[in-house]
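Undergrad: Sending over a structure as structure tokens; questions will come in a sec.
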Amino acid sequence: MDLSVVIVNYQTFELTKNTINSILENDYPFSYEIFVVDNASSDDSLAKLQEYFNDKVKFIASKENNGFAAGNNQALRQAGGKYQLLLNSDTIVCKNTLEEIYSYMESHGDVGACGCRVLLENGELDKACKRSFPNVKNSFFRLFHIPTKSKDDNYNLTDLPDDEVYEIDCLTGAFMFMRKEALDQVGLLDETFFMYGEDIDLCYRIKHGGWKIIYYGKSKITHLKGASSKKQKSKLLYEFYRAMYIYYKKHHAHQSFFLVNWMVYLGIGILCCLKLFLNIFKKKN
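In this text, residue positions in the sequence shown follow the working numbering: the first is 1272, and each later residue adds one.
Laid out in structure tokens, this is it:
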């Protein structure tokens, strides 16, 4: 098997269906399989997907929702592809994207993971598709919207072109085309992360394992990211800031003075509480 595509579904029948169809409607010069992991949906989306796709897709039904990382890992443990693609259930894969990135990976054996240009529904770039690794300094600049001319402090790499090919630090989990050999070396997604942060952590481990991470801007997908609604569930907000804490503690805390670490943890906690408080009023509106 050349490529294993892994999609996690959670009560998104229509979106997941469209994502899968955007793959199936094209022919490829390689073999592939599609896994859909249902994260204990409480609606009938799993049954409807199974009926709709029948034997074209391999389904895994989770008994409980242990998060995005855990859901993906269930399929990654069974996937037999030389390459393994993490793909969000709210994406549309454009024609030739998989073929072009597959070809690039085949001709660049030192690349452990490759992403593409990810466009939001309004046509703007999803900035998460090409990033530097977060650290205290670039996170501070980003949080307070402070412009910087230093490439080292430009978290979203806005100084680099969107439609070219180059090495970066971090991709988005919405589309991560990975070499199985690299995953076997560094391990699967860290299930300590429930949602958010697991993609940054995996890219960090892949890159520090000696592999390159490439942004392939010549190919693209569309990410229907739900930007039309400003409301967010408190659970998701909490997990966003919890992911910050986990990532910093795992990869940076041992390099910093303990007072710096406590300042970072305090800052994350304050931001989390503030966002949760403000979210109450958004829900009321």
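Ideal placement from N, C-alpha and C gives every residue a C-beta, glycine not left out.
How big is the Cα-Cα spacing for residue 1353 and residue 1328?
TA: Cα-Cα distance, rounded: 18 Å.
Undergrad: Is the distance from the Cβ of residue 1529 to the Cβ of residue 1467 below 8 Å?
TA: no
Undergrad: Taking C-alpha atoms, which residue in 1273, 1546, 1532 lies nearest to residue 1505?
TA: 1546
Undergrad: Let me know the alpha helix (DSSP H) ranges lying completely inside the segment 1339-1368, each 4 residues or longer, listed in chain order.
TA: 1339-1347
Undergrad: By the three-class DSSP mapping on this structure, what secondary structure does residue 1452 have?
TA: helix
Undergrad: Leaving out five residues on either side along the sequence, give the residues of the same chain with a beta carbon under 6 Å from the beta carbon of residue 1396.
TA: 1433
Undergrad: Is it the case that the segment 1375-1394 contacts the segment 1313-1324, given that we only count it when at least three CB pairs across the two stretches are under 8 Å?
TA: no
Undergrad: Quick one: using the 10 Å Cβ neighbour count with 16 as the cut-off for buried, is residue 1476 buried or exposed?
TA: buried
Undergrad: Taking only runs that begin and end inside the segment 1431-1487, name each unbroken alpha helix (DSSP H) of 4 or more residues, in chain order.
TA: 1451-1457, 1469-1479
Undergrad: If the criterion is Cβ atoms closer than 8 Å, does the pair residue 1368 and residue 1491 meet it?
TA: yes
Undergrad: Within the same chain, show all residues whose beta-carbon is closer than 7 Å to that of residue 1532, passing over the 5 residues directly before and after it, in chain order.
TA: 1524
Undergrad: Hey, is the segment 1447-1462 in contact with the segment 1319-1333, meaning 3+ C-beta pairs nearer than 8 Å?
TA: no
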